[in-house]
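Data block below; observations after.
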Amino acid sequence: MYDLLANLGQGFLVAVSPTNLWLCLVGALAGTLIGVLPGLGPVATIAMLLPVTFGLDPAGGLIMLAGIYYGAQYGGSTTAILLNVPGEAASVVSALDGHQMARQGRAGVALAIAAIGSFIAGTFATLLVAALGMPLAQFTQLFAPADYFSLMILGLICAVVLSGGSLPKAFVMIALGLVLSTVGSDSETLEQRLTFRLPELFDGIEFVALAMGLFGLAEILRNLEGTTARQIVNQKINRLMPNRAEMAEAGPAIGRGTLLGSLLGVLPGGGAVLSSFASYTLEKRLSKTPQAFGKGAIAGLAGPESANNAASQTSFIPLLTMGIPSNAVMALMVGALTIHGIVPGPQFINTHSDLFWGVIVSMWIGNILLLIINLPLIGVWVQLLRVPYKFMFPAIVLLCCIGIYTVANSPFDVMMTAIFTLLGYVLMKFGYEAAPLLLAFVLGPLLEQYLRRTLQISAGDPSVFFTRPISASILCLCLLLVVIAVLPMIGRRRAEVFVED
Amino acid sequence: MKRLRIAAPQEFWSGLVLLAVCAGAWALSANLSGMRGNQLGAGVTVRLFIGLLALSALVVVVRSLLIAGPALPRLALRGPLLLTAAVLFFSFAIRPLGLGLTCFGTTFLAALASREMRLHEAVIVSVLLTVFALGAFHYALRLPISPWPSL
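If you read the sequences in order, they're chains F and B. Per our numbering, the first sequence starts with residue 1, numbered consecutively. Per our numbering, the second sequence starts with residue 502, numbered consecutively.
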């Protein structure tokens with residue numbers, strides 16, 4: 001306990017330095033600004049704002065990214081509540097009851113409950129991350145390369161099993177991501193792999209170009225296809241603070257959502273989307289008035305909003321302790337860390353302890369900032385939503401181009417982005433989900449590295465994967481998951497949960 | 502003999518394209534080193550991953566012959582072509598033309614990607630964004646990008 005407090009204290013010192021506080025604020029604001037735009041979820045937002053953080057020191061960069069993430073998450077909820085246009089899959093659920101509340105003239109209350117629920121959930125989840133980080137990192141010291149390899153396979157399998165649509169298609173996307181990740185010079189033999197002898201590809205495909213093309217710009221193309229005229233809730237937002245009866249209804253739902261979200265966020269492939277859906281189902285089942293759900297039930301908004309915020313926090317646990325991203329957002333975080341020269345993993349807590357604790361504390365500060373800046377700024381976001389999309393997207397395209405170009409001053413990376421935009425669009429049209437691809441792209445080089453080490457240690461004998469207890473049990477779990485998913489009965493029921501986490 | 506019917510055209514054709522990609526990638530990676538004793542050569546994982554892709558694409562194709570699925574999607578032309586053109590223009594123009602002209606061209610092409618955009622609106626949006634970009638990135642953030650054409 002004392003250790004925990006001491007560590008959190010160390011984190012506070014890093015996080016509340018004026019620069020980092022400022023970066024957290026700017027990140028949360030920028031994240032909300034982009035995230036509030038319809039159709040842009042956290043993945044797209046982070047992909048777009050990633051280049052901004054590269055010039056910063058690692059702590060500042062990561063803190064800003066965390067701010068962007070929570071901001072984008074909150075912006076998504078705002079859009080969902082006011083416009084009934086969920087910016088990302090996690091806020092699909094918020095749109096159900098939140099938008100109904102807004103149409104009944106309770107938009108202010110809905111937004112406030114979303115913010116309060118998110119804050120409570122964020123506080124709890126932050127403490128959980130702090131408490132579990134150390135022991136988990138110590139536990140993973142027992143892991144050999146073979147165990148890591150199996151764990152990553154588990155992450156990929158989870159992404160497949162939880163993805164919407166057909167299983168083989170999700171497998172295709174994983175495999176495609178893995179193949180793309182091999183492009184470039186081999187790390188040991190320096191042979192050129194799939195580079196078409198282009199010197200620009202010797203360092204591999206630029207992660208930012210891939211992410212921005214597949215998510216940011218391809219998403220714009222999808223939005224352009226529909227009609228972009230929107231209906232906004234036009235009633236004036238007068239009352240913000242929920243009254244006592246409304247708080248009494250929201251309170252227990254916030255508590256349950258927080259616990260459920262914290263739990264589900266740790267699972268590989270889980271995260272915000274899965275937990276908000278699960279929480280909605282739970283609240284509806286527990287409710288005395290389930291018929292009110294979908295018609296403005298406060299519990300149907302408070303539960304999922306808390307759950308998705310708790311989960312987005314706890315999904316940092318596998319990333320920071322084991323170096324394994326559990327969803328597309330965390331994959332982006334790995335990309336960002338790697339660019340800063342940091343390899344997340346069990347050594348991360350010990351070698352970069354100030355960074356680790358600083359980031360954890362700034363998660364919490366980010367949540368406070370969101371509470372402080374967003375409630376007064378609701379009017380601004382509403383005004384922003386009134387700007388027609390057709391005037392908005394050229395700006396997004398331009399910012400993306402400048403962003404990618406400034407990563408390495410490389411026109412080639414911009415060109416790659418154009419290619420990935422087209423690829424993302426075609427994949428989307430043919431019903432292939434891009435999120436597993438991004439995850440596989442990040443995990444690919446790690447998989448290869450651990451496979452190499454394992455075979456070196458075992459003198460080329462691949463049976464270690466099945467004889468080491470940790471690795472064997474993880475692989476059994478993988479097998480179990482695949483079997484469950486392939487059984488058509490259950491397969492048909494798979495909800496679309498890995499859409500855009 | 503019963504003619505083979507494609508039950509899910511969307512899956513069938515996308516699977517075939519993926520198989521072609523696999524064949525190409527396999528050919529490209531053919532000369533990479535394989536296993537050398539206990540050492541994983543550069544080509545082993547590449548071919549492993551390509552194999553995985555081919556296998557899953559094959560499953561998609563086979564399934565498409567058996568299980569009914571969606572027809573081929575209608576791909577839009579205007580949006581994707583103009584947006585891609587905008588991004589490509591940026592990549593080719595940024596070095597020779599500098600930030601100003603590049604911003605104008607990129608936003609103008611991108612703006613036209615929307616069916617709802619009128620020509621004069623596109624011009625206004627592009628001019629405003631160019632001014633904003635020059636102000637923000639050249640004067641405020643001082644990015645090392647030349648604002649004017651290099652002659």
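A virtual CB, placed ideally from N, CA and C, is assigned to each residue, including glycine.
Whole-number beta carbon distance between residue j and residue i, since they are thought to touch under 8 angstroms
i        : j        : result
Thr608/B : Ser627/B : 4 angstroms
Ala66/F  : Val359/F : 6 angstroms
Ser279/F : Ser118/F : Contact flag wrong, Cβ pair sits at about 12 angstroms.
Val14/F  : Trp364/F : Not a contact, Cβ separation roughly 13 angstroms.
Ile157/F : Leu481/F : 5 angstroms
Val414/F : Val588/B : 6 angstroms
Arg548/B : Trp527/B : 7 angstroms
Pro290/F : Thr321/F : Actually they do not touch by this definition, with Cβ atoms about 38 angstroms apart.
Ser262/F : Thr338/F : 27 angstroms between Cβ atoms; not a contact.
CB contact check: residue i to chain F, cutoff 7 angstroms
i        : result
Pro574/B : yes
Gly580/B : yes
Ile625/B : no
Ala641/B : no
Phe591/B : yes
Val628/B : no
Ala587/B : yes
Ser565/B : no
Ser615/B : yes
Ile595/B : yes
Ala569/B : no
Ala543/B : yes
Met502/B : Caution applies to Met502/B, whose pLDDT of 46 falls short of 50 and renders its modelled position unreliable; the value that the coordinates give is listed next. Chain F, which has no Cβ nearer than 7 angstroms to the Cβ of Met502/B, makes this no.
Residue j beta carbon less than 7 angstroms from that of residue i
i        : j        : result
Ala107/F : Gly216/F : no
Ile349/F : Ala125/F : no
Pro436/F : Ala170/F : yes
Cys478/F : Ile153/F : yes
Ala146/F : Val483/F : no
Ile404/F : Thr421/F : no
Gly525/B : Ser534/B : no
Val183/F : Ile205/F : yes
Leu620/B : Phe590/B : no
Ile317/F : Ile120/F : no
Gly529/F : Ile68/F  : The structure shown does not extend to residue 529/F, since chain F spans only 1 to 501, so no value can be given for it.
Leu82/F  : Ala102/F : yes
Leu25/F  : Ile34/F  : no
Phe633/B : Ser565/B : no
Leu630/B : Leu398/F : yes
Leu529/B : Leu194/F : yes
Within-7 angstroms CB hit, residue i to chain B
i        : result
Tyr405/F : yes
Cys158/F : no
Gln456/F : yes
Pro344/F : no
Arg453/F : no
Met363/F : no
Val129/F : no
Arg197/F : no
Glu191/F : yes
Phe391/F : yes
Phe207/F : no
Phe420/F : no
Leu224/F : yes
Pro433/F : Sequence check: residue 433/F is Glu here, not Pro. It does not; no Cβ of chain B falls within 7 angstroms.
Glu516/F : Nothing about residue 516/F can be reported from this structure: the residues present for chain F run from 1 to 501 only.
Leu398/F : yes
Cys478/F : no
Contacting residues, own chain, Cβ-Cβ under 6 angstroms from residue i (five flanking each side not counted)
i        : result
Gly177/F : Leu437, Ala440, Phe441
Ser276/F : Ala90, Val93, Pro304, Ala307, Asn308
Ala586/B : Leu610
Ser471/F : Ala146, Asp147, Ser150, Phe465
Other residues of its chain near residue i: CB distance less than 8 angstroms, five sequence neighbours each side excluded
i        : result
Ile474/F : Asp147, Ser150, Leu151, Ile153, Leu154
Ala115/F : Tyr74, Leu370, Leu371, Asn374, Leu375
Leu559/B : Gly516, Leu520
Other residues of its chain near residue i: CB distance less than 7 angstroms, five sequence neighbours each side excluded
i        : result
Leu384/F : Val36
Ala555/B : Leu520, Cys523
Gly606/B : Phe590, Ala594
Val380/F : none
Short of 7 angstroms Cβ to Cβ, which residues in the stretch 508-536 of chain B face chain F? Within the stretch 508-536 of chain B, those residues whose Cβ lies closer than 7 angstroms to any Cβ of chain F are, in chain order, Gln511, Ser515, Leu519, Ala526, Leu529, Ser530, Leu533, Ser534.
At a Cβ cut of 7 angstroms, what residues of the stretch 547-563 of chain B count as close to chain F, listed as they run along the chain? Residues of the stretch 547-563 of chain B with a Cβ closer than 7 angstroms to any Cβ of chain F, in chain order: Val547, Phe550, Ile551, Leu553, Leu554, Ser557, Ala558, Val560, Val561.
Could you please tell me which residues of the stretch 170-189 of chain F, in chain order, have their CB closer than 7 angstroms to any CB of chain B? Of all residues in the stretch 170-189 of chain F, Phe171, Val172, Ala175, Leu176, Leu178, Val179, Thr182, Asp186, Thr189 have a Cβ within less than 7 angstroms of some Cβ in chain B.
Compile a chain-ordered list of the residues in the stretch 262-296 of chain F whose CB is closer than 9 angstroms to at least one CB of chain B. Answer set for the stretch 262-296 of chain F: empty.
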